[in-house]
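Single-structure report; data block below.
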Amino acid sequence: MRLDDTFMQFLLNHQRRNKRSLNFLILMESIMTAARRIEHAYKSGALQSKLGEANLTNVQGESVMEMDLLAHEIVLHYLKASNQVMEVTSEEVEKEIRINEDGRYIVYFDPIDGSSNVKHSLPVGFLFGICKRDLDKDETYRLRSGNEYIAAGMFLIPSGLFTFALKNSGAWRFIMDETGGYVRPTKINLPEEKKNWELSWNVGNKNYYDNRVQSWLAENENLYNFRYAGSLVVDFHRLLHNGGMFLYPAIKNHKDESKNKINGKLRLLYEASVISFIAKEAGGFAVDEDGNDVLNIMPKRRHQRSALYVGNRELVESIQRKLI
Ligand code: AHM
Ligand code: MG
4 MRLDDTFMQF
14 LLNHQRRNKR
24 SLNFLILMES
34 IMTAARRIEH
44 AYKSGALQSK
54 LGEANLTNVQ
64 GESVMEMDLL
74 AHEIVLHYLK
84 ASNQVMEVTS
94 EEVEKEIRIN
104 EDGRYIVYFD
114 PIDGSSNVKH
124 SLPVGFLFGI
134 CKRDLDKDET
144 YRLRSGNEYI
154 AAGMFLIPSG
164 LFTFALKNSG
174 AWRFIMDETG
184 GYVRPTKINL
194 PEEKKNWELS
204 WNVGNKNYYD
214 NRVQSWLAEN
224 ENLYNFRYAG
234 SLVVDFHRLL
244 HNGGMFLYPA
254 IKNHKDESKN
264 KINGKLRLLY
274 EASVISFIAK
284 EAGGFAVDED
294 GNDVLNIMPK
304 RRHQRSALYV
314 GNRELVESIQ
324 RKLI
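All letters in the sequence shown, in the order written, are residues 4 to 327 by our numbering.
Here it is as structure tokens:
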């Protein structure tokens, strides 16, 4: 019988080695439990007719799926139960949710990333970023930049894969075993070898990208394979294996003005910063529409959007030279 190392063993060793508290383990246990629950709900979603729309729109004016709401409730429930969390921000709720004034952590999450995949039972994600509250002074409840995250992760649902990054310590992949536990830590790095590099972007938007982006694409798009699943977690998961770049640029000059997204589509706190944090720990880099390092962006609004160019440093720096 093969007895694999579990996520909790991995984290316990990390905390001990770095002489850190065990509070973080309690927090992560609640996130792992939530992910297992979401996996189960998603796998049985079609049978239970839970993959439809909730007939609501969210804070961003986008239609909400039943699964978005269910996953949000699951994550919130387990975060509350952990007693470790001061405040959370969820994609599904406009304002912050205060949980425990004495909690050590702040959590930003998107309970279901890639909602348009839900009704087709295609893979989706669950993204989270974790910051520590101000412990040496009164907490000001300010929003944090990606550089202040201490950890971030993404679950690929329902494939049972989990990618987890720890500040200045690297990124790891875990797989779900037959008992539902996440096991077998494997260190991951974006491959430098260009053979399998891919570009990932919504080709349908190409004519509405800034000229600088269109010019970069004209020079580069034929050099690499193209893949796009419509879920950031799925697309970035492929990139972590194969290398390349994911881009969701600003959309300008659309014939239908309501389709313009001058700041891109992805949300900074629980999408762009989370993916950029994981990318950095896997040896990569991420910039926004002006070529700024995404991890340096100080959020002004909770659900602020950002364009995103993320992947192998060489490719991101190449487009950055056009953007700045
Ligand atoms: P969501 O949070 O509503 O699911 O939106 C985020 C998703 C990302 O996962 C994905 O990269 C992007 O939106 C796809 O957008 P588009 O359909 O415009 O290509
Ligand atoms: Mg979402």
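Just so it is clear, CB atoms sit at the ideal spot from N, CA and C, and this is done for glycine as well.
Cβ-heavy atom distance, residue i to the ligand AHM, below 7 Å
i, result
"K46", "no"
"D105", "no"
"L235", "yes"
"Y1", "Residue 1 is absent from the structure shown; the chain starts at 4 and stops at 327."
"G117", "yes"
"L269", "yes"
"E292", "no"
"D259", "no"
"E94", "yes"
"N205", "yes"
Within 8 Å, strictly: CB atoms of residue i and residue j
i, j, result
"E42", "A57", "no"
"D92", "Y273", "The sequence shown places Thr at residue 92, rather than the Asp named in the question. Going by C-beta atoms, T92 is nearer than 8 Å to Y273."
"P252", "Y227", "no"
"P188", "F13", "yes"
"E94", "P114", "yes"
"D116", "V236", "yes"
"I160", "F112", "no"
"F131", "G156", "yes"
"L242", "S279", "no"
"R316", "K268", "no"
Among the options, the one whose alpha carbon lies nearest that of residue i
i, options, result
"A174", "D291, A285, H17", "A285"
"D296", "F158, S276, V186", "S276"
"L271", "F288, N299, Y185", "N299"
"K325", "F239, N214, N266", "N214"
"K198", "I178, G246, G184", "G246"
"E320", "G287, E99, L50, I281", "G287"
"E151", "M301, Q323, M89", "M301"
"R305", "S148, A37, S119", "S148"
**Asked** What are the uninterrupted segments assigned as alpha helix (DSSP H) that are 4 or more residues long and contained completely in the segment 195-223, given in chain order?
**Response** 214-223
**alpha helix (DSSP H) segments (min. 4 residues) lying fully within the segment 65-120** = 69-85
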